[in-house]
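S.K.: What follows is a structure written as structure tokens; I'll ask about it next.
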Amino acid sequence: MLQVSNINSFYRKIQALWGVSLRIDEKELVALIGANGAGKTTLLKTISGLLHPASGSVQFLDMRIDQMPAHSIVELGVSHVSEGRRLFQDMTVRENLDMGAYTHKAWNKKEETLERVHQIFPILKVRSRQLARTLSGGEQQMLAMGRGLMSRPRLCMFDELSYGLAPILAKEVFKIVKTLREQDIAILLVEQNVRHALEIADRAYVLENGRIVLEGESRGLSENELIKQAYLGL
Amino acid sequence: MHSFRVTSNKKALFLALLIVILIFAATMPLYIQPYIIISLTSIFMYIVLTVSWAIFSAPTRYISLASASFFGTGIYVWAILGSALPLPIVVGIGGLVSSLLALLTGLLTLRLRGLYFIIFTFGFSEFVRHSSQWWEINISGTEGRWVVGVDHTIIYYAMLILAFLTLITAYAIRRSRFGLALQSIGQFEEAAAHAGINVTAMKIMTFAISAFFMGAAGAIMATRWSYIDPSIAFSPLISFMPVLMAIFGGIGQLYGHILGAGVLTILAEVLLTEFPYYYMLLFGLILLAVILFLPHGLVGLMEKWWKGGLAGKHANT
Amino acid sequence: MRILDGEGVRKNFGGLAAVAGVDFCINQGEIVGLIGPNGAGKTTIFNLISGALNPSSGQIRFNGESITGLKPYQICKRGVARTFQSAKLFADMTVINNVLVWSLFGKSARTPVADAEMEAREALAFVGLSEKEELPAKDLGIAAQKRLEIARALATKPQVILLDEVMAGLNPTEVTQAIELIKQIWNKGISVFMIEHVMKAVMGMADRVIVLHHGEKLAEGTPEAIAKNRKVVEVYLGE
Amino acid sequence: SKDKILIGTAIALSGPFSGGAGMTQVPNFDMWVEEVNARGGIKVKEYGKRLPIEYIKYDTKSDIGTAVKLVQKLILEDKVDFLLPPWGTGTCLAVAPIFNKYKYPLIGPTVTSEKLREKAHAFPYLFIMLQMPRAQGAAIVELFKELGIKRVALIHTAAAYGIEHTNVIKPALGVAGINVDILKSFPIGTPDLTPLLKKIKAARVDALLGFTYPPDTFLITQQAKIVGLNPKVFYLSVGVAFPSYKGKFGAAMVEGVMGPGVWNPNVPHPGAREYFARHVKRWKKEPDRWASAFAYAGLQTLEQAIETAGTLDREKIRDVLATGTFPTVVGPVKFDGMFNVQSPGEVGQWQNGEFEVVAAKEKRTAKPIVPKPPWP
Amino acid sequence: MIVTLLDITIGGLLTGGIYALTAVGLNLQYGVARVLNIAHGEFIMLGAFATYSLYTLFGINPLVSLAIGGPIVFIMGFLIHNTLFQYLRSSSESMGAFEGRSLLASFGLLFIIQNVALLSWGPEIKGYTYLAEPVNILGTIFAANRLVALLFAVAIGLAFYLFLVRTRLGKAIRAAAQDPETAQLMGINIHRGFSRLTYQHDVRNHTTYGSPLYCNCPYCGGFRGIGQYPRQFHRGFDPGAYWQHSDLYRSRVIIGCLLHDLHPLTLGKANRYFREIEKCIVSELPLIKRLSS
Ligand SMILES: Nc1ncnc2c1ncn2[C@@H]1O[C@H](COP(=O)(O)OP(=O)(O)OP(=O)(O)O)[C@@H](O)[C@H]1O
Ligand SMILES: Nc1ncnc2c1ncn2[C@@H]1O[C@H](COP(=O)(O)OP(=O)(O)OP(=O)(O)O)[C@@H](O)[C@H]1O
Ligand SMILES: [Mg+2]
Ligand SMILES: [Mg+2]
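Chains as they are written, first to last, in the numbering used here: chain A, 1 to 234; chain B, 235 to 551; chain C, 552 to 790; chain D, 791 to 1166; chain E, 1167 to 1459.
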């Protein structure tokens, strides 16, 4: 479904990604692991079109998207829940969700999707008319996820999925992500809680200093010594 | 934005330059034509206004449009006291009264941010104008006032000294802890408050300092005008010019403010006298061009040349 | 000895009681954890202590004196420093100047600039950011931003430090490092009041844990007791 | 030796004053320079020939600080021989000391202030063309007495012009036994005056007497029609005599409106009709009936004074100005102290599309129409 | 008594209402496009002059010329925004920098427009009379042109307000203004120019209530524009609270009108200057209270 081949990405003159390749199949849940500053966010931005790679290609559903503008990529069905929430602070919860469904396709089914999102995060319904900036940290995270789902994506990328969520909710969210696959959504997951991520993922990639250093079935990876040491803190 | 610590290299250069300019400026009336002296006085006046405006507004990012009310207050102080007291004392009083007014304005408006602040400060200077007009009509029973005039060389020296004091103050504030505090207020006021900075007091105090110089400048300039009324003294133009000049020159750098004030004053006069009918058109076009091509104002241009020059040297060696 | 305590602290936002009459106290040399579901009112409590918000009712005392209604800068100067859940950095200023503001102004006595600069460097070295001193703060990654937040708070030489989710977004290895860091802070004699969703940190470090739910105190006790508390498991920890 | 006379002016070409300056002064300055040069220049005996004029014009932006500075530039840098007056009372007063210091005569068409009386000795170079408030007040009171006006509403723009006139005329009305029922001021540019006009209407006064500036003059006229305020006498000030006033409202609507002035092509002075025709030909618009002709007359006065003195020595020219009599399009100009005796108060009234002189009595070009006809 | 009340209310609406609507325009521009448009009043002046010329030269009914002029000015706003402000925005490193630069740019525009108007129409005051007919509403009298201008302005302002608050596109404009990068991630094409729409609206709105009300001169804009910032502010100028607290916003507009309504009352009692002073104080107090709490 998504094929990233050999991309090099830059921030002005600083190279952040070095020949990165990655693949996601239909309905697959892939985890992306790496230390702070490894380049995870950069990779996600490159896929969603906020950054354009200097070389290499990104294909989505057999279409080359690496030079497409971000808003067209969204229309193809790629959703990117950014790191740090990036809510529209001066709009209400409800309006933020509406914006998630901005594409024509999603707008037509907005009410239906909204209901589903409200089911997943009931607090968003309660806080409907509150300004995004006054939500608590965790509530903001939920809103960011909800907004990401509003576009009815084929591929959903979560950057720092459980950031700032209470343990019970974090567990809940992992479950939800798993169920998303049953709705035909493929998932690319960036997550600091590596153990949890590996538990639910099918496959995982490990990114270090802008390069993929390891990849494979997640079960295998969680046994890997390097991973244990560097990311599981064992 | 400037860095808190200035390299000694830059400091020495700055000081040397300042002293040379000062000596030159002080001897000027001896050998220069009177009209150039008069023009220089205007440039100094705008330097005082722009630099003092920027003392407060540049680091904190509160764009104040109240300059006219402070400047005008200074003018009125001269109009009232000019015939009774010597110039330096009246100028000092002009500054102090303006500072007091700034304290009042500050208390009213400094809780506001962004557009609110801009509008309110402008509203405030209009309010001051209306009030003084009301006072003149209903209490003094007249509108305009005759003002005691002073020789243009004296005005020149007075303005030169004031400009010098303003620059020294601005420089000192920048380099001191106040400068850092003001800058952090501009960056993130809430965080600054939690860092132990008494944000309100700091803002009001700086606002008053900056108003002092504006008021003093008004008291000096009044001597040139011989007749004033509230709409002359509180002309809104005075509120806008410092903003324009500071942004034009480059808001982050002290020398940018000086440059902006100097260049725009000269430019305005040249355009005004050479192209009386197209003056505004050309002025507007130049403003647009500078904004479009020099995102950091004239300072950006200077720095480009500066760096270009250095790079050139490197290439040669 | 009680260093910081609150009594019947309450904060309403319109109809919502974000904090609904909570008592809490921090003793000298303690690490106290504050946990609770999202939106329970934890950050609001920090805002009330640090003076960012005024309580609707209730009392907050520091060293036995009421600090209710004081301004943030006054509270900071008395010795209560905080970090923000979402970093509030001076984005265009360098890392060192970010800390310098805190070390210059955060203490009750006037610090000479040279001393303040030294203290700022120390604080940066302490959190391991020495190499980034001259970078503008906006170029820092999330983990580094959190460290900078901590460095700034430390630079005021506080008696109590309020840490709001400083471990969010860190991977387990980094969490271990952060725990070390907080222990060192505690070693300096600073009392720690921390909001955290990373259980490993709370359970491993805290002397006492306060659990908040819907703005009310649900439970309070040792980490072990809290971990076993049925209600806490139900609303916060999950099975 | 000299081969030209350098004449400069700093006047509002832009900014809020430029409307007035562009109506009353700038076109007359330009036209006069052209005419003089067409004649070959001004004859100066000292040089034994006609010297053409070289003309420098600067824009004050309607800012007094700029005006002061530009006048200094003209004197000190451009070294002009003569200066033409700037526009408006405030600006003229602000530059008057400089004119004096460097001994340049200032013959001001648009400056009227009672304040000058106390300063007359200090400004020997200042000459004022237009009527002073006291004279205008007297003319109005005289007219009102004749028309049997008993009760007036007195309103004015809160600017020097309005305040001084009001200060002068209020006691004069009292002395004449005319009652001021309503006395109000408002800031220039007030967007809506209907409440005030409604109040005046309710008071049923005989006359509305307004010392107003153009924006207010236009606004009050329009709004008076809307609220149906139509007293026997309807007097407003600056702007009434402008051709654009008639242009905006049409001759039918301005019929019977009174204002200060007055000058029109029918006044019995030599050259008046020709001046009017030249102005219309040159600018495709009529001069206003208030200060245009006085501005032009001021230039004629200056020209004659130079020729009489036969020199460019400004001190001598001043003495000629102070003592001589100069025939102009507004009649023979003579200065009593600094004030033009040719300019006592005059009231005009729009009648059939022309602004006729109705007071003072001896200058009348038509009889006043009272009561004012209803709004169309 | 009832007549007086009515007089005050409608009279206040007529003047206060138009101010309030101008404020909406300014609000939109700053709140959505972050352009602090000093040249605001110049556009009013241009609109007024355009309708003036069309009316006096060709006898075109001002209402008709609105229909022609509206789109023209709309296109003008489009061009200005798309070239100038869009470029400034993309070349500014931060929002703060953009605000400063756009302020300077609008000064540039102000000078240029004034000069162009001065050159094309001359410095004198111009004016024409249109619909200056009294309209009798329940016993009190108002000028028809004011009523018409108000109606037009209300209609356009309201439509645009609803557009921004209710519709998909309108919300997208606001979102793009707050965080352009994230807006792209929602599928919003920010380069297609959204914020410019507000600019256009603003510009267009002005042409509407410019003309028949006032006499014009090239500086009328300057006076009305810059001079009205504070006045507009007193009448419900509130970008922050604008969107979400639309009730609050509405009430501010109403307060604005009410404030203006004090005008006839106070005119009867005290000097006009007191009213200006009183307006400042009355309108600043609650706002300051709210912001400081
Ligand atoms: N806007 C930027 N400009 C310049 N360099 C950047 C920028 N954003 C990120 N970088 C650099 O690119 C590298 C990769 O950053 P990235 O944000 O992708 O890492 P990450 O794996 O997502 O880290 P984290 O876990 O902190 O989110 C880092 O070295 C970072 O400093
Ligand atoms: N200004 C405000 N207006 C209205 N509601 C607010 C405001 N600020 C906070 N709230 C609400 O108060 C509640 C408590 O917020 P708080 O930030 O204290 O939660 P928290 O315990 O820190 O949660 P988290 O762990 O998610 O950060 C939340 O439900 C939030 O939506
Ligand atoms: Mg990242
Ligand atoms: Mg929180």
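Ideal Cβ positions, reconstructed from N, Cα and C, are used throughout, including at glycine.
Is it the case that the CB of residue 136/A approaches a heavy atom of ligand 4 more closely than 7 angstroms?
M.R.: Against the first sequence, residue 136/A aligns to sequence position 136. Residue 136/A Cβ: within cutoff of ligand 4.
S.K.: With the cut-off set at 8 angstroms, would you say residue 204/A and residue 31/A are in Cβ contact?
M.R.: As a working mapping, residue 204/A is identified with position 204 in the first sequence. As a working mapping, residue 31/A is identified with position 31 in the first sequence. Cβ distance < 8 angstroms, so residue 204/A and residue 31/A count as in contact.
S.K.: From this set, 139/A, 79/A, 131/A, which residue's C-alpha is nearest residue 173/A's C-alpha?
M.R.: Position 173 of the first sequence, counting from 1, holds the residue named residue 173/A. Nearest of 139/A, 79/A, 131/A to residue 173/A, Cα basis: 139/A.
S.K.: Which class does residue 103/A belong to by DSSP, given the choice of helix, strand or coil?
M.R.: On the first sequence, residue 103/A is found 103 positions in, with the first residue counted as 1. Residue state, collapsed to three classes: coil.
S.K.: In its own chain, which residues sit with a C-beta less than 8 angstroms from the C-beta of residue 431/B, not counting the 5 before and 5 after it?
M.R.: By one-based count along the second sequence, residue 431/B stands at place 197. Answer for residue 431/B: 415, 418, 419, listed in chain order.
S.K.: If you compare alpha carbons, which of 834/D, 847/D, 840/D, 1039/D is closest to residue 1099/D?
M.R.: Stepping through the fourth sequence from its first residue, residue 1099/D is reached at position 309. The shortest Cα separation from residue 1099/D among 834/D, 847/D, 840/D, 1039/D belongs to 834/D.
S.K.: Looking at chain E, is there any beta carbon in it that lies within less than 8 angstroms of the beta carbon of residue 521/B?
M.R.: Here residue 521/B is taken as the residue at index 287 of the second sequence, counted from 1. Judged by the 8 angstroms Cβ criterion, residue 521/B is in contact with chain E.
S.K.: Quick check on the burial criterion: 16 or more other C-beta atoms within 10 angstroms. Buried or exposed for residue 1399/E?
M.R.: As a working note, residue 1399/E is residue 233 in the fifth sequence. Only weak support exists for where residue 1399/E lies, its pLDDT of 31 falling under 50; the value from the coordinates is given anyway. Under this definition residue 1399/E is a buried residue.
S.K.: Confirm the yes/no value for this check: CB of residue 438/B, any heavy atom of ligand 1, distance under 7 angstroms.
M.R.: What you label residue 438/B is simply residue 204 of the second sequence in a count that begins at 1. No, the Cβ of residue 438/B stays beyond 7 angstroms of every heavy atom of ligand 1.
S.K.: For the alpha helix (DSSP H) that residue 822/D lies in, which residues bound it at each end?
M.R.: Residue 822/D sits at position 32 when you count from the first residue of the fourth sequence. First-last of the alpha helix (DSSP H) with residue 822/D: 816-828.
S.K.: Would the beta-carbon of residue 36/A be found less than 7 angstroms away from any heavy atom of ligand 1?
M.R.: By one-based count along the first sequence, residue 36/A stands at place 36. Yes; taking the cut-off as 7 angstroms, the Cβ of residue 36/A has a heavy atom of ligand 1 nearer than that.
S.K.: For ligand 4, any of its heavy atoms closer than 7 angstroms to the Cβ of residue 594/C?
M.R.: Start at 1 with the first residue of the third sequence, and residue 594/C comes out as number 43. Yes, ligand 4 has a heavy atom inside 7 angstroms of this Cβ.
S.K.: Residue 1167/E: buried (16+ other C-beta within 10 angstroms of its C-beta) or exposed?
M.R.: In the fifth sequence, residue 1167/E corresponds to position 1, counting from 1. Its pLDDT being 45, under 50, residue 1167/E is placed unreliably in this model, and the value from its coordinates should be taken loosely. Residue 1167/E comes out exposed.
S.K.: Which chain E residues are close to residue 86/A, counting only those with a beta carbon under 7 angstroms from its beta carbon?
M.R.: Taking the first residue of the first sequence as position 1, residue 86/A is located at position 86. Those are 1345, 1348, listed as they occur along chain E.
S.K.: Kindly list, in the order they appear in chain D, the residues whose Cβ is closer than 7 angstroms to that of residue 510/B.
M.R.: For the purposes of this step, residue 510/B is identified with residue 276 of the second sequence, where counting begins at 1. By Cβ distance, chain D contributes 803, 847, 848, 849.
S.K.: Below 8 angstroms on the Cβ atoms is my guess for residue 965/D versus residue 904/D; work out the distance and round it to an integer in Å.
M.R.: Numbered from 1 along the fourth sequence, position 175 holds the residue referred to as residue 965/D. Numbered from 1 along the fourth sequence, position 114 holds the residue referred to as residue 904/D. With a Cβ gap of about 17 angstroms, residue 965/D and residue 904/D do not count as contacting.
S.K.: Kindly provide the ranges of any alpha helix (DSSP H) runs that are 4 or more residues long and lie completely inside the stretch 661-747 of chain C, ordered along the chain.
M.R.: As far as the stretch 661-747 of chain C is concerned, its whole alpha helix (DSSP H) runs of at least 4 residues are 664-678, 693-706, 723-738.
S.K.: According to DSSP, is residue 72/A part of a helix, a strand, or is it coil?
M.R.: Locating residue 72/A in the first sequence gives position 72, where the first residue counts as 1. Three-state DSSP puts residue 72/A in a helix.
S.K.: From the beta carbon of residue 957/D, is the nearest beta carbon of chain B less than 8 angstroms away?
M.R.: The count along the fourth sequence starts at 1 and reaches residue 957/D at position 167. Output row for residue 957/D: interface = yes.
S.K.: Under 8 angstroms, Cβ to Cβ, is there at least one residue of chain E near residue 172/A?
M.R.: Mapped onto the first sequence, residue 172/A falls at position 172. Judged by the 8 angstroms Cβ criterion, residue 172/A is not in contact with chain E.
S.K.: Let me see if you follow: with CB-CB separation under 8 angstroms, is residue 1427/E close to chain B or not?
M.R.: Along the fifth sequence, read from residue 1 onward, the residue named residue 1427/E stands at position 261. Since pLDDT at residue 1427/E reaches only 34, below the 50 mark, its modelled position is unreliable, and no value is offered.
S.K.: Secondary structure at residue 848/D, three-state DSSP: helix, strand or coil?
M.R.: Within the fourth sequence, residue 848/D is the residue found at index 58, counting from 1. Correct three-state label for residue 848/D: strand.
S.K.: When the Cα atoms are used, what is the spatial distance from residue 296/A to residue 1285/E?
M.R.: The shown model of chain A, from 1 to 234, leaves out residue 296/A, and the question about it has no answer.
S.K.: Taking any Cβ of chain C, which residues in the stretch 133-155 of chain A have a Cβ under 9 angstroms from it, in chain order?
M.R.: Those residues of the stretch 133-155 of chain A that come within reach of chain C (Cβ to Cβ, closer than 9 angstroms) are 134, 135, 136, 137, 138, 139, 140, 141, 142.
S.K.: What residues are listed by DSSP as bridge partners for residue 1000/D?
M.R.: If you number the fourth sequence from 1, residue 1000/D lands on position 210. In the DSSP output, where bridge partners are listed per residue, residue 1000/D has 945/D.
S.K.: Residue 207/A bridges to which residues according to DSSP?
M.R.: On the first sequence, residue 207/A is found 207 positions in, with the first residue counted as 1. Paired residues: 34/A, 212/A.
S.K.: Measuring from the CB of residue 40/A, is there a heavy atom of ligand 3 at a distance below 7 angstroms?
M.R.: For the purposes of this step, residue 40/A is identified with residue 40 of the first sequence, where counting begins at 1. At least one heavy atom of ligand 3 is nearer than 7 angstroms to the Cβ of residue 40/A, so yes.
S.K.: Quick one: list the residues of chain A neighbouring residue 1245/E, beta-carbon separation under 9 angstroms, in chain order.
M.R.: Looking up residue 1245/E in the fifth sequence gives position 79. Correct list: empty, because the minimum Cβ distance to chain A is about 23 angstroms.
S.K.: With a 10 Å radius around its C-beta and 16 neighbouring C-beta atoms as the bar for buried, classify residue 753/C as buried or exposed.
M.R.: Taking the first residue of the third sequence as 1, we reach residue 753/C at position 202. Label assigned to residue 753/C: buried.
S.K.: Is the Cβ-Cβ distance between residue 151/A and residue 106/A less than 8 angstroms?
M.R.: Counting from one through the first sequence, the residue named residue 151/A turns up at place 151. Counting from one through the first sequence, the residue named residue 106/A turns up at place 106. The answer is yes: Cβ separation under 8 angstroms.
S.K.: Whose Cβ in chain E lies nearer than 7 angstroms to the Cβ of residue 257/B?
M.R.: Residue mapping note: residue 257/B aligns to position 23 of the second sequence, counting from 1. The premise fails here: residue 257/B is roughly 34 angstroms from chain E at the closest Cβ pair, so nothing lies under 7 angstroms.
S.K.: Please report the distance separating the alpha-carbon of residue 948/D from that of residue 1328/E.
M.R.: Here the question's residue 948/D lines up with position 158 in the fourth sequence. Here the question's residue 1328/E lines up with position 162 in the fifth sequence. Each residue's Cα considered, the two are about 42 angstroms apart.
S.K.: Here's a check: name, in chain order, each residue in its chain whose Cβ is nearer than 6 angstroms to the Cβ of residue 1450/E, leaving out the five neighbours to either side.
M.R.: Translated into the one-based positions of the fifth sequence, residue 1450/E becomes position 284. Unreliable placement is indicated for residue 1450/E, whose pLDDT of 40 sits below 50; the coordinate value is still reported in the next sentence. Result list for residue 1450/E: empty, nothing under 6 angstroms.
S.K.: Just confirm the distance between the C-beta atoms of residue 886/D and residue 854/D, as a whole number of angstroms; I'd bet it's less than 8 angstroms.
M.R.: Residue numbering aside, residue 886/D sits at position 96 when the fourth sequence is read from its first letter. Residue numbering aside, residue 854/D sits at position 64 when the fourth sequence is read from its first letter. No, residue 886/D and residue 854/D are not in contact; Cβ-Cβ is about 12 angstroms, not under 8 angstroms.
S.K.: Under 8 angstroms: do the stretch 875-884 of chain D and the stretch 1065-1080 of chain D share three or more Cβ pairs, one atom per stretch?
M.R.: Cβ pair count under 8 angstroms is below three, so no.
S.K.: Cα-Cα, which of 698/C, 722/C, 775/C is closest to residue 36/A?
M.R.: Counting from 1 along the first sequence, the entry for residue 36/A is found at position 36. The shortest Cα separation from residue 36/A among 698/C, 722/C, 775/C belongs to 722/C.
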